[in-house]
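Residue numbers (our numbering): 2 to 341.
So, in structure tokens, the structure goes:
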């Protein structure tokens, strides 16, 4: 840091102008950098003139050539996010009024060590009794319009997780260090509300990120545990497949039963042709309406005893012959009436 300050003072001393003291220099230079989104800011000088502008330049620590970042700007800030991320850069600002300029004011900026690290996104679930599952999401940078994970620029990223009971001081809780984005916290009290927060930690620079907002969740009891979402994702497709197969098998069985016990009937072709002819169909219908009269004759059956019996049997035989004769006369009369 002392070497960087020495270079900064040297570069400012080289570019002093003859008109020293005519235009005062900017005051209180500072860089506000959040996830490599960096803004150089300063306070305006005590100079009661209008149309005052500023020029901002930068160079790398291994280069002697300065490059303009903001030229003739009227605001007291300049976006310096496009400078190289790795290594240190020297930034300088001066005041310009008409043809007069102030001295350069310099500051050293190292993006990877000076930028603020945002907290990770945190999700907590009470998946098992007295156990909390913590899922962290890496913070990300947006540099030159592209999005990068924090692990692209830092090789050793770890996380600190702080957990404590709600309504208690967070100093009474537990702290865990992990290099993974998923962590299981066990040994908690059932049916108790816990709060958690997390931060990223860059081991190579001994640099801590900002803490996330506390996230509170209640643990489950021993008799009830929530459904594991991973297990649910695996089971749900299997249930849908089994349900579809069962529906298909039921439909096939239904068609078989219907075919065996309830077959579909169809008239033979010659019946259809017969019914399609008007003459045949009318005759068929007429015969069904009028009907047909059938004649019959009475039959009398005599046993052997009557034929070979005595006087009583002879009388029964004569009676049967008389009935047969009457029946024949009735049949004749009926035919005569039908003929008329």
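Ideal Cβ placement from N, Cα and C applies to all residues, glycine included.
Note that the coordinates shown come from a computational prediction; the quantities given were computed from them, not determined experimentally.
Find the nearest neighbour of residue i within the set the options, judged by alpha-carbon distance.
i: residue 62; options: 87, 99 and 34; result: 87
i: residue 44; options: 165, 163, 222 and 27; result: 27
i: residue 75; options: 54, 254 and 68; result: 54
i: residue 128; options: 175, 50 and 231; result: 231
i: residue 153; options: 139, 164, 166 and 254; result: 139
i: residue 201; options: 85, 181, 192 and 220; result: 181
i: residue 169; options: 56, 222, 177 and 193; result: 193
i: residue 216; options: 208, 195 and 236; result: 195
i: residue 144; options: 84, 59, 235 and 58; result: 84
i: residue 214; options: 98, 174 and 121; result: 121
i: residue 48; options: 56, 25 and 64; result: 25
i: residue 158; options: 208, 253 and 248; result: 208
i: residue 219; options: 237, 190, 105 and 242; result: 190
i: residue 42; options: 52, 50 and 57; result: 57
i: residue 98; options: 65, 50 and 78; result: 50
i: residue 60; options: 91, 77, 52 and 73; result: 91
i: residue 188; options: 173, 233, 133 and 146; result: 133
For residue i, which residues of its own chain have a beta-carbon under 7 Å away from its beta-carbon, when the five flanking residues on both sides are left out?
i: residue 326; result: none
i: residue 23; result: 101
i: residue 64; result: none
i: residue 243; result: none
Assuming residue i and residue j make a contact with CB atoms under 8 Å, what is their CB distance in whole Å?
i: residue 82; j: residue 37; result: 6 Å
i: residue 206; j: residue 113; result: 7 Å
i: residue 101; j: residue 40; result: Not really, about 27 Å apart at Cβ, beyond 8 Å.
i: residue 34; j: residue 167; result: In fact, because the Cβ distance is near 34 Å, the residues do not count as touching under 8 Å.
Excluding the 5 residues flanking residue i on each side, which residues of the same chain have their C-beta closer than 8 Å to its C-beta?
i: residue 135; result: 123, 124, 125, 162, 183, 184, 185, 186, 197 and 199
i: residue 251; result: none
i: residue 3; result: Interpretation of residue 3 is limited by its pLDDT of 44, a score under 50 that renders its predicted location unreliable; no figure is taken from the coordinates.
i: residue 32; result: 39, 40, 41, 42, 81, 92, 108, 110 and 115
i: residue 66; result: 60
Once the 5 residues before and after residue i are set aside, which same chain residues still bring their CB inside 6 Å of it?
i: residue 323; result: none
i: residue 179; result: 160
i: residue 239; result: none
i: residue 171; result: 165
i: residue 256; result: none
i: residue 175; result: 164
i: residue 177; result: 162
i: residue 77; result: 43 and 45
Tell whether a beta-carbon distance below 8 Å holds between residue i and residue j.
i: residue 107; j: residue 93; result: yes
i: residue 111; j: residue 46; result: no
i: residue 141; j: residue 149; result: yes
i: residue 119; j: residue 211; result: yes
i: residue 89; j: residue 68; result: no
i: residue 221; j: residue 130; result: yes
Going by DSSP, what residues sit across from residue i in a beta bridge?
i: residue 344; result: No information on residue 344 is available, as it lies outside the stretch 2 to 341 that the chain covers here.
i: residue 155; result: Answer is none; residue 155 lacks a bridge partner.
i: residue 125; result: 135
i: residue 200; result: 161
i: residue 58; result: 69 and 93
i: residue 236; result: Residue 236 pairs with nothing; no bridge assigned.
i: residue 142; result: 149
i: residue 102; result: 97
i: residue 130; result: 221
i: residue 208; result: 203
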